[in-house]
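J.:
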Amino acid sequence: MLDGAVRRRLEPILDRIGMALANHGVGADMVTISGLLLGFVAAILIAFESYLSGAAFILFSRLCDGLDGAVARASRKTDFGGFLDIVLDFAFYGAIPLAFVIADPSANGLAGGFLLFAFYVNGSTFLAFAVMAEKRAMTTEVRGAKSLYFTTGIAEATETIVFLLACCLFPSWFPALAALFAAVCLYTALARIVLARLAFQGKQ
Numbered sequence: 000m001l002d003g004a005v006r007r008r009l010e011p012i013l014d015r016i017g018m019a020l021a022n023h024g025v026g027a028d029m030v031t032i033s034g035l036l037l038g039f040v041a042a043i044l045i046a047f048e049s050y051l052s053g054a055a056f057i058l059f060s061r062l063c064d065g066l067d068g069a070v071a072r073a074s075r076k077t078d079f080g081g082f083l084d085i086v087l088d089f090a091f092y093g094a095i096p097l098a099f100v101i102a103d104p105s106a107n108g109l110a111g112g113f114l115l116f117a118f119y120v121n122g123s124t125f126l127a128f129a130v131m132a133e134k135r136a137m138t139t140e141v142r143g144a145k146s147l148y149f150t151t152g153i154a155e156a157t158e159t160i161v162f163l164l165a166c167c168l169f170p171s172w173f174p175a176l177a178a179l180f181a182a183v184c185l186y187t188a189l190a191r192i193v194l195a196r197l198a199f200q201g202k203q
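The structure is reproduced here in structure tokens:
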């Protein structure tokens, strides 16, 4: 929901940094992989209850997630790069809730499992919609130029990052925050199913 406004403010800055990185020979895939590795560091720190350090590495990781597209625009976009970006994003968004479960299984296990279920369902609707949109040659740049059709929703990257940072700042609130955000993700998935019915019900 907030990604559009955030993107308009950050994209010019990210594009300048991306251009500088590309000029120094840094590839977009390298930035994408670095983002995942930083995300795994965040997950390890959270699992050991170093929540504030984990929050810092979440920010570093998501900075890389914004920069890889800027580097690609400044150098060369590839289908593999777009594929890698999506896959590693999903790995990151699975690792952080799992880390909270590991940190305190008795308190966070049920809410963390519910959240991962919601992420799974929401992600499947996002990817399935993109496949069907590609089949019908649909295009959109509502969230900028993407490697696949990008449907919007309440639970987008900005909201998810804010949620994860809130969990790091208030770790004892994780069960309540996770349950609430899981509900938001499931609502987003349901809205996307309704959108798919409207978009795909007719003939090609």
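Counting from 1, position 160 in the sequence shown corresponds to residue 159 in numbering that gives the first Met the number 0; the numbering is continuous, with no gaps. Using N, Cα and C, we set each Cβ at its ideal position, and we do this for glycine too. Keep in mind that this is a model prediction, so the values were computed, not measured.
(1) Helix, strand or coil for R191? Go by DSSP, reduced to three states.
(2) Over the uninterrupted alpha helix (DSSP H) stretch that includes V100, give me the two end residues.
(3) Below 7 Å between beta carbons: does that hold for A154 and A98?
(4) Hey, would you say G38 sits closer than 7 Å to S52, going by beta carbons?
(5) Give every residue of the same chain whose Cβ lies closer than 6 Å to the Cβ of A182, excluding the five residues on either side of it in the sequence, and list them in chain order.
(6) Below 7 Å between beta carbons: does that hold for D67 and V25?
(7) If you reduce the DSSP assignment to three classes, tell me which class I56 lands in.
(8) Out of curiosity, what's the CA-to-CA distance linking Y119 and G111?
(9) Pick helix, strand or coil for I12, following the three-state DSSP scheme.
(10) State yes or no: is the C-beta of M137 within less than 7 Å of the C-beta of F199?
(11) For C166, which of G122, D84 and I95 has the nearest alpha-carbon?
(12) Among L13, G17 and I32, which residue has its Cα nearest to the Cα of L83?
(13) Answer yes or no: do A21 and S74 have a C-beta to C-beta separation smaller than 7 Å?
(14) Answer with buried or exposed for V70, where buried requires no fewer than 16 other C-beta atoms within 10 angstroms of its C-beta.
(15) Are the beta-carbon atoms belonging to A188 and F128 less than 7 Å from one another?
(16) Do you know offhand how far S123's Cα is from P104's?
(17) Near L35, which residues of its chain fall below 7 Å by C-beta distance, leaving aside the five closest residues on each side in sequence?
T.: Considering the structure as presented:
(1) In this structure, R191 counts as helix in the three-state DSSP scheme.
(2) In the DSSP annotation of this structure, the continuous segment of the alpha helix (DSSP H) that includes V100 starts and ends at D78 to A102.
(3) Not closer than 7 Å, so no.
(4) Cβ atoms of G38 and S52: not closer than 7 Å.
(5) For A182, same chain residues with a beta-carbon under 6 Å away, outside a window of 5 residues either side, do not exist.
(6) At the C-beta level, D67 and V25 stay beyond 7 Å of one another.
(7) Reading the sequence as shown, one finds Phe at residue 56 and not Ile. Three-state DSSP puts F56 in a helix.
(8) Answer to the nearest angstrom: the Cα atoms are 12 Å apart.
(9) The DSSP-derived three-state label of I12 is helix.
(10) Their beta carbons are not under 7 Å apart, which means M137 does not touch F199 by this criterion.
(11) Residue nearest to C166 within the set G122, D84 and I95 is I95 (criterion: CA-CA distance).
(12) Checking every option, the nearest Cα to that of L83 belongs to I32.
(13) In contact: A21 and S74 (Cβ atoms closer than 7 Å).
(14) By the Cβ neighbour-count rule, V70 is buried, with 16 or more other Cβ atoms within 10 Å of its own.
(15) In this structure, F128 does not lie closer than 7 Å to A188 by Cβ.
(16) The C-alpha of P104 is placed about 26 Å away from the C-alpha of S123.
(17) If we look at L35 and ignore the five residues flanking it on each side, its Cβ neighbours are L87, A90 and F91.
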